[in-house]
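Number of protein chains: 2
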Amino acid sequence: MKHLIVYSHPNPKSFNHAIMETLAGELTTLGHEVKIRDLYAINFDPVLKASDFELIQSGKVAADVKVEQDHIAWADVISFVHPIWWTGLPAMVKGYIDRVYSFGFAYKIDDTGVTGLLNGKKVLIINTTGTPEEIYAKIGMFNSILQTSDDGIYRFCAMEVLKHVFFTAIPYITDAERAGMLVEVKEIAKTICNK
Amino acid sequence: MKHLIVYSHPNPKSFNHAIMETLAGELTTLGHEVKIRDLYAINFDPVLKASDFELIQSGKVAADVKVEQDHIAWADVISFVHPIWWTGLPAMVKGYIDRVYSFGFAYKIDDTGVTGLLNGKKVLIINTTGTPEEIYAKIGMFNSILQTSDDGIYRFCAMEVLKHVFFTAIPYITDAERAGMLVEVKEIAKTICNK
């Protein structure tokens, strides 16, 4: 299978980076093709501009958007690895969606309504949070985060959500606990490849 | 009262722009001081960088962040005017939150837990959606959008949410309906000033 990992964190020493490397390593070990898009490293521009709208109206997209769309078109499974900031996607990841998941590529709208165009593609989402699990769980925040990402973005485009994992309270846990999470990432890699 | 309007849309001819101008005009007519931060016009950089984290750790913020924080410090009421894209904040607005609502300015964390630092400040949110109201209402999406913005961002910082309005199905309605929405914006301006 062809795996695209869309990874975003400003710090190459972050736990998110370790998750991305662990996931990519395990998928490669399992014999899959893996491509990584490190949005900070490629200096991706997350700001949807008036010019993007104009291009879309004439059936085109910006050159940098086309590069990312080609990666998506290539992939069977797309894995997003990034933190949750302010109960949502960081601007870099949100802007990747705003620009790359464009009208005509990720979905279309006609008289029959909205049709997702990424059917057949699977998605794995691995997020970290600084907030401890119990705080979000108590107020139902995980449901809201899931609905505004899995339903609002990925399923809207007809992608199949394989799994959405939250590793929580990252700044407050031990190195051993973080190492345990990376073991879990390897297990997830194995599991999604059997689906 | 001192009103800060944080506005974001790539198209100066957009309905969001009309909402922002109507809100600013009515608040001015009512005798208030109004400042507008047009995030696209000022070319705000929404990408939180490793350097931002380093500055925060030494109790500082980047120069462009400081400008925005000074505007917030000045204001009694902060009004956000922007579209909802993909059931969340556009990258430009999300990055404004990621960078400007920094640790030490918008909230602090110590042994007693999280404390919002923007107490005393009020917030109005006016959003547009392309999606018709009934589609989001049927699946409870408005609740998820409200929780991941009002609870996850503004109330987290101890701000008082005065009102969060959604104007929906904007591309599919008539000019008269949009004009009616602008009348509603004027009413909202009057209402929040009486609170």
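These protein sequence lines are chains A and B, in that order.
Each residue of the first sequence is one higher than the last, beginning at 19 in the working numbering.
Each residue of the second sequence is one higher than the last, beginning at 19 in the working numbering.
Beta carbons are placed, not taken as given, at the ideal position from N, Cα and C, and that holds for glycine.
Checklist line | Proximal chain B residues relative to A:Val99, where beta-carbon distance stays under 7 Å | finding: Working through the first sequence from its first residue, we reach residue 99 of chain A at position 81. Within 7 Å Cβ-Cβ: nothing; A:Val99 doesn't reach chain B, min ~17 Å.
Note to self: Per DSSP, what are the beta-bridge partners of B:Pro101 in this structure?
What the structure shows: What you label residue 101 of chain B is simply residue 83 of the second sequence in a count that begins at 1. According to DSSP, which records beta bridges pairwise, B:Pro101 is partnered with B:Thr146.
Notebook entry, point to check: Closest by CA to A:Thr46, which one among A:Gln75, A:Phe121, A:His21?
Noted result: The residue given as residue 46 of chain A occupies position 28 in the first sequence. The candidate whose alpha carbon is nearest that of A:Thr46 is A:His21.
Margin query: According to DSSP, A:Tyr125 sits in a beta bridge with which residue or residues?
Written below: Taking the first residue of the first sequence as 1, we reach residue 125 of chain A at position 107. According to DSSP, A:Tyr125 bridges with A:Phe121, A:Gly134.
Next item on the list: Pull up the distance between the alpha-carbon of B:Gly43 and that of B:Arg173, whole angstroms please.
Entry: For this step, residue 43 of chain B is matched to residue 25 along the second sequence. For this step, residue 173 of chain B is matched to residue 155 along the second sequence. Straight-line Cα distance between these residues: approximately 27 Å.
Next item on the list: Spell out a yes or no on whether the segment 106-115 of chain B and the segment 58-67 of chain A are touching, meaning 3 or more CB-CB pairs, one atom from each, closer than 8 Å.
Entry: yes
Notebook entry, point to check: Three-state secondary structure (DSSP) at B:Gly88?
Noted result: For the purposes of this step, residue 88 of chain B is taken as the residue at position 70 of the second sequence. Strictly speaking, residue 88 of chain B in this sequence is Asp, with Gly absent from that position. It is helical.
Check: Could you give the residue range of the alpha helix (DSSP H) that holds A:Ile23?
Finding: Position 5 of the first sequence holds residue 23 of chain A. Per DSSP, A:Ile23 belongs to no alpha helix (DSSP H); it is in the beta strand (DSSP E), 20-25.
Next item on the list: Output the boundary residues of the beta strand (DSSP E) element that contains B:Asp168.
Entry: The count along the second sequence starts at 1 and reaches residue 168 of chain B at position 150. No beta strand (DSSP E) contains B:Asp168, which DSSP labels as neither H nor E.
Notebook entry, point to check: Between A:His182 and A:Asp168, which are expected to be in contact by the criterion C-beta below 8 Å, what is the C-beta distance as a whole number of angstroms?
Noted result: To locate residue 182 of chain A, count along the first sequence from 1; it is residue 164. To locate residue 168 of chain A, count along the first sequence from 1; it is residue 150. Contact flag correct, Cβ pair sits at about 6 Å.
Next item on the list: Can you give me the Cβ contacts of A:Ala207 inside the same chain, cut-off strictly under 7 Å, excluding the 5 residues immediately before and after it?
Entry: In the first sequence, the residue the question calls residue 207 of chain A occupies position 189. So the list reads Leu41, Glu44, Leu45, Leu48, once near-sequence residues are dropped.
Next item on the list: Return the residue from the list A:Ile54, A:Trp103, A:Phe160 that minimises the CA-CA distance to A:Glu86.
Entry: As a working mapping, residue 86 of chain A is identified with position 68 in the first sequence. Closest by alpha carbon: A:Ile54.
Check: Going by Cα to Cα distance, which pick from A:Gly148, A:Tyr190, A:Tyr119 is closest to A:Leu135?
Finding: The count along the first sequence starts at 1 and reaches residue 135 of chain A at position 117. Of the candidates A:Gly148, A:Tyr190, A:Tyr119, the one whose C-alpha sits nearest the C-alpha of A:Leu135 is A:Tyr119.
Margin query: Excluding the 5 residues flanking B:Met199 on each side, which residues of the same chain have their C-beta closer than 7 Å to its C-beta?
Written below: Taking the first residue of the second sequence as 1, we reach residue 199 of chain B at position 181. Once the five neighbours on either side are set aside, the close Cβ partners of B:Met199 are Phe185.
Item checked: Sub-8 Å separation of A:Ile96 and A:Val179 beta-carbons -> Walking along the first sequence from the start, residue 96 of chain A turns up at place 78. Walking along the first sequence from the start, residue 179 of chain A turns up at place 161. No. Outside cutoff.
Notebook entry, point to check: Quick one: does B:Ala68 have its CB under 8 Å from some CB of chain A?
Noted result: Looking up residue 68 of chain B in the second sequence gives position 50. Judged by the 8 Å Cβ criterion, B:Ala68 is in contact with chain A.
Next item on the list: Ignore the nearest five residues each way along the sequence and tell me which others in B:Met19's own chain have a CB closer than 8 Å to its CB.
Entry: Locating residue 19 of chain B in the second sequence gives position 1, counting from the first residue. Here the set comprises His50, Glu51, Asp94, Val95, Cys211.
Check: Mind checking A:Ala59: buried by the 16 CB within 10 Å criterion, or exposed?
Finding: Against the first sequence, residue 59 of chain A aligns to sequence position 41. Answer is exposed; the Cβ neighbour count stays below 16.
Notebook entry, point to check: Under 8 Å Cβ-Cβ, which residues of chain A neighbour B:Ser76?
Noted result: Within the second sequence, the letter at position 58 stands for residue 76 of chain B. Those within 8 Å of B:Ser76 in chain A number zero; the least Cβ separation is about 16 Å.
Margin query: If distances are taken between C-alpha atoms only, which option among A:Phe123, A:Thr105, A:Ala124 comes closest to A:Glu151?
Written below: Stepping through the first sequence from its first residue, residue 151 of chain A is reached at position 133. Nearest of A:Phe123, A:Thr105, A:Ala124 to A:Glu151, Cα basis: A:Thr105.
Next item on the list: Could you check if B:Ser69 is buried or exposed, using at least 16 other CB atoms within 10 Å of its CB as the buried criterion?
Entry: Within the second sequence, numbered from 1, the residue matching residue 69 of chain B stands at position 51. With fewer than 16 other Cβ atoms within 10 Å, it is exposed.
Next item on the list: Identify, in the order they occur along the chain, each residue of the same chain with its Cβ nearer than 6 Å to the Cβ of B:Val79, setting aside the five sequence neighbours on each side.
Entry: Position 61 of the second sequence, counted from the first residue, corresponds to residue 79 of chain B. So the qualifying residues of the chain are Leu73, Ser120.
Next item on the list: Following the continuous alpha helix (DSSP H) through B:Leu164, name the residue where it begins and the one where it ends.
Entry: The count along the second sequence starts at 1 and reaches residue 164 of chain B at position 146. Where B:Leu164 is concerned, the enclosing alpha helix (DSSP H) stretches over 159-164.
Notebook entry, point to check: Is A:Val65 close to chain B, meaning its C-beta is less than 8 Å from at least one C-beta of that chain?
Noted result: What you label residue 65 of chain A is simply residue 47 of the first sequence in a count that begins at 1. It does: the Cβ of A:Val65 has a partner Cβ on chain B nearer than 8 Å.
Margin query: Measuring alpha carbon to alpha carbon, tell me which residue in B:Tyr154, B:Ala187, B:Ile144, B:Ile171 is nearest B:Ile37.
Written below: Translated into the one-based positions of the second sequence, residue 37 of chain B becomes position 19. With distances taken between Cα atoms, B:Ile37 lies closest to B:Ile144.
Check: In chain order, what residues of the segment 157-176 of chain A put their CB closer than 9 Å to some CB of chain B?
Finding: Ile157, Gly158, Met159, Asn161, Ser162, Ile163, Leu164, Gln165, Thr166, Ser167, Asp169, Gly170, Ile171, Phe174
Next item on the list: Answer with buried or exposed for B:Ala109, where buried requires no fewer than 16 other C-beta atoms within 10 angstroms of its C-beta.
Entry: Here residue 109 of chain B refers to the residue found at position 91 when the second sequence is read from its first residue. It counts as buried.
Check: Which residue's Cα is closest to the Cα of A:Lys204: A:Glu39, A:Pro30, A:Leu107, A:Ser32?
Finding: Taking the first residue of the first sequence as position 1, residue 204 of chain A is located at position 186. Ranking the options by Cα distance to A:Lys204, first place goes to A:Glu39.
Note to self: At the level of alpha carbons, what is the spacing between B:Ser90 and B:Ile157?
What the structure shows: Within the second sequence, the letter at position 72 stands for residue 90 of chain B. Within the second sequence, the letter at position 139 stands for residue 157 of chain B. The residue asked about is misnamed: residue 90 of chain B is Ile in this sequence, not Ser. For B:Ile90 and B:Ile157, the distance between alpha carbons rounds to 35 Å.
Notebook entry, point to check: Alpha carbon to alpha carbon, how far is A:Asp88 from A:Asp82?
Noted result: Working through the first sequence from its first residue, we reach residue 88 of chain A at position 70. Working through the first sequence from its first residue, we reach residue 82 of chain A at position 64. Each residue's alpha carbon lies about 10 Å from the other.
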